[in-house]
Amino acid sequence: MKKILLLSDTHSHIDDTILKYVNQADEVWHAGDIGDLAVTDTIKKLKPLRCVYGNIDDARARLEFPLHNRFFCEGVDVWITHIGGYPGKYNPTLKEEMTSNPPKLFICGHSHILKVIFDKKNNLLHMNPGAAGKSGFHQVRTMLRFVIDGDKIKDLEIIEIDKKV
């Protein structure tokens, strides 16, 4: 069993509230737009991190993290990318893989809009944690946390950090 903290779009921002939730997790997953690598360096000192780079991330981030990160967590096939779209409107560059070899859990960021949708067509769970940073149009900073237990994804929680200041 693993407790996962999922965040995205930090845009160089990390604070004590985010770190409180990092400390409660077994692993942290970041779906891109890190900004300053001090964000991921801080997380990595505390917990194992799985991350992808996003469209705002520089060459250093792109050398450290992949565009796509596909892996198994316990019995769950996970795919994280930054610009992935959502069920019915996936990024065109991903459509073939999504139909021929869909993961069980597909995660993306980019939109700053928290969404959790079951994709019936591809039989997968889609998650976008919204934005944990302060840059962007979102009004409330959000993250997700959940448990992976064998091949089950359960105990999903939305974390609303605070109104963006």
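The sequence shown lines up with residues 50 to 214 when you count with our numbering.
Beta carbons: idealized from backbone N, C-alpha and C, even for Gly.
Residue from D107, S184 and L54 with nearest C-alpha to I92: L54
For K51 and F120, the rounded distance between their alpha carbons: F120 and K51: Cα-Cα distance of roughly 14 Å.
Residue environment, V165, which counts as buried when at least 16 other CB atoms sit within 10 Å: exposed
Inter-residue Cα distance where the pair is H187 and D58: As the crow flies, the alpha-carbon of H187 is around 11 Å from that of D58.
The stretch 70 to 85 contacting the stretch 99 to 112, beta-carbon criterion three pairs below 8 Å: Short answer: they touch.
Alpha-carbon to alpha-carbon, R111 and G179: 21 Å
Inter-residue Cα distance where the pair is V88 and L163: 20 Å
Entirely enclosed alpha helix (DSSP H) segments - the stretch 68 to 98, minimum 4 residues: 87 to 95
The stretch 200 to 212 contacting the stretch 128 to 136, beta-carbon criterion three pairs below 8 Å: No, they do not touch.
L112, enclosing alpha helix (DSSP H) - first and last residue: Per DSSP, L112 is one residue of the alpha helix (DSSP H) stretching across A108 to E113.
Cβ-based neighbour list, D198, same chain, cut-off 6 Å, excluding 5 preceding and 5 following: M50
Continuous beta strand (DSSP E) stretch holding T130: start and end: V125 to T130
Nearest to M192 (by Cα), restricted to the options F167, C157, T142 and K201: C157
Identity of the residue in D107, E76 and D106 nearest L95 by Cα: E76
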